[in-house]
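Letter by letter, the sequence shown follows residues -26 to -1, 1 to 307 in mature numbering (1 follows the signal peptide of the UniProt record, and there is no 0). All C-beta atoms, glycine included, are put in the ideal place defined by N, C-alpha and C. Below is one structure; the comments refer to it alone.
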Amino acid sequence: MEKQKRIHRSGLAVSLLCAAVLAACASVGINDNLEAARAEVNSASADPDVVSRAPLELKNAQEALNRADNLNRGRESIAEVNHHAYLAAVRAQTAKDLARSRRDTDEMTRMQGEVDRLRLANRTREANVARADANMARADASAARTDAAIARDQAQVAAQQAAAASVQAQSATQQADIERARAAQSAADAADAREKLRVVIVELQGKETDRGLLVTLGDVLFQTGRAELLPNAGPRMDKLASYLNQFPDKSLLIEGYTDSVGSDATNQELSIRRAEAVRAALAQRGVSPTRMASRGYGEQFPVASNSSAEGRAMNRRVEVVVADDRGNLKPRA
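The structure is reproduced here in structure tokens:
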């Protein structure tokens, strides 16, 4: 039965994901994935066990469905709609699984109470056996009946022990179900976090490198030969700071570069000032200064030829390098 549930959940996830890709190219209208998720959430909402035993998980599923509905009505990205529909369906299924597990746990508790009652009854019978032993000297016939009673009691104890072992096995099964449900929720949350990170990276025009996440800020943020940020740099700084504040434990390097025009000393000093200007702008937007280091490399490490205006413009830049998921942050060799 558990294997069938896992297959059902996996099939649901695969169906929603595949349909999401196909739906991304379709026009806004009736969204089969959204309707499938709605049916899953409505099914969970109609289940009294889910309502009483897994209200938080059901609420999460309903919120995800509402988010998908709002995105769909607002003609937002089909992929985004399908993503929240997928979360709603998975969370609804998780609520069902948890409700079923908690109901079984309650039944297990009831059975444990019955086992305790039987144990008490057994202790009472053992007391009767002790009294019968005291009377053995007075009547052989009574002793024979007592022996028979003891044998019956031992059989009952064995049966009770077998019942207790069965209850323990059921408890282990229910715990495994709960852990699987938690793992499914964690996977859904992780997928949501990865999607948010992907969107931010695209918005920042960043890219993953062996040094960490690299975000390049071009020289359009500064006047020629100056290190003060222009007013049009504000939105870019706001977006970058918003991303960095979502990951307060990640360290970052801010590196300034110039083209080859001018002396080495002038370019070196200008690159340092520009890196410091970006560092100060991020600090003003709530990014802790203790997690930021700034450096200037002048005209070193060009990304294009300085023989053309276009190449020189590309070399006049500030790069922000953010530590990867393992905390690794590699400076320039």
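Between the CA atoms of residue j and residue i - distance to the nearest angstrom
i, j, result
"Ala255", "Met82", "60 Å"
"Pro263", "Gly272", "23 Å"
"Ser17", "Ala73", "13 Å"
"residue 324", "Ala137", "Any answer about residue 324 is impossible in this case: the structure gives the chain only from -26 up to 307."
"Ser75", "Ser51", "36 Å"
"Leu8", "Ala42", "7 Å"
"Gln179", "Ala150", "43 Å"
"Arg27", "Asn40", "22 Å"
"Asp6", "Ala13", "10 Å"
"Ser282", "Gly236", "15 Å"
"Ala59", "Ala38", "7 Å"
"Ser245", "Gly230", "4 Å"
"residue 336", "Val103", "It is not possible to answer for residue 336, since the shown part of the chain is limited to -26 through 307."
"Gly301", "Phe196", "31 Å"
"Ala307", "Thr190", "18 Å"
"Met85", "His57", "42 Å"
"Gln130", "Glu88", "14 Å"
"Ala20", "Leu45", "25 Å"
"Lys304", "Asp298", "10 Å"
"Ala35", "Gly199", "54 Å"
Other residues of its chain near residue i: CB distance less than 6 Å, five sequence neighbours each side excluded
i, result
"Val2", "Legend: pLDDT at Val2 = 47, less than 50; position of this residue unreliable, value from coordinates given subsequently. So the list reads Arg49, once near-sequence residues are dropped."
"Ala251", "Ala201 and Leu203"
"Arg290", "Asp193, Thr232 and Asp233"
"Val296", "Gly186, Leu187, Lys224 and Leu226"
"Ala267", "Leu227"
"Met288", "Val277 and Ala278"
"Gln144", "Met82"
"Arg265", "Ser225"
Identity of the residue in the options nearest residue i by Cα
i, options, result
"Ala215", "Gly199, Ala257 and Leu191", "Ala257"
"Ile152", "Ala287, Thr79, Ala123 and Ser282", "Thr79"
"Val55", "Asn241, Ala10, Gln134 and Thr147", "Ala10"
"Asp106", "Arg247, Asp121 and Asn289", "The residue you asked about is not Asp; residue 106 is Ala in the sequence shown. That would be Asp121, whose Cα lies nearest to the Cα of Ala106."
"Tyr217", "Ala133, Arg154, Met110 and Glu177", "Glu177"
"Lys33", "Val64, Ala53 and Arg47", "Val64"
"Gln242", "Phe221, Val292, Pro209 and Lys304", "Val292"
"Gln67", "Asn44, Leu30 and Arg253", "Leu30"
"Val15", "His57, Gln197, Ala53 and Leu61", "Leu61"
"Ala101", "Phe196, Ala123 and Asp90", "Ala123"
"Pro22", "Arg47, Phe275 and Arg77", "Arg77"
"Arg93", "Arg119, Gln128 and Arg265", "Gln128"
"Asp90", "Gln135, Glu182 and Gln220", "Gln135"
7 Å CB neighbourhood of residue i in its chain, flanking five on each side removed
i, result
"Leu(-5)", "Per-residue confidence for Leu(-5) stands at a pLDDT of 41, beneath the threshold of 50, marking its modelled position as unreliable; the derived number appears in the next sentence. Contacts found: none."
"Val24", "Ala18, Leu32, Ala69, Lys70 and Ala73"
"Asn109", "Ser116"
"Ala249", "Ile228, Glu229, Gly230, Ser268, Arg269, Gly270 and Val292"
First through last residue of the alpha helix (DSSP H) which encompasses residue i
i, result
"Leu303", "Careful: Leu303 lies outside any alpha helix (DSSP H) and carries neither H nor E."
"Met288", "Ala283 to Asn289"
"residue 314", "Examination of residue 314 is not possible in this model, given that the chain is present from -26 through 307 alone."
"Gly186", "Where Gly186 is concerned, there is no enclosing alpha helix (DSSP H), although the beta strand (DSSP E) it sits in stretches over Gly186 to Gly192."
"Thr198", "Element bounds for Thr198: n/a, residue is neither H nor E."
"Met110", "No alpha helix (DSSP H) contains Met110, which DSSP labels as neither H nor E."
"Asn16", "Asp6 to Ser19"
Close beta carbons around residue i, own chain, < 8 Å, minus the five adjacent residues each side
i, result
"Ser279", "Gly285"
"Asp238", "Gly272 and Glu273"
Endpoints, beta strand (DSSP E) assigned at residue i
i, result
"Val25", "Run containing Val25: none in the beta strand (DSSP E); it sits in the alpha helix (DSSP H), Pro22 to Arg27."
"Glu182", "Lys181 to Thr183"
Proximity test, residue i beta-carbon vs the ligand MG heavy atom, cut-off 7 Å
i, result
"Ser234", "Because no ligand of any kind appears in the structure shown, any question about the ligand MG cannot be addressed here."
Any beta strand (DSSP E) of 3 or more consecutive residues that is wholly inside the region 202 to 245 = 226 to 231
Ordered list of alpha helix (DSSP H) runs contained in the region 19 to 73, each at least 4 residues | 22 to 27 and 29 to 47
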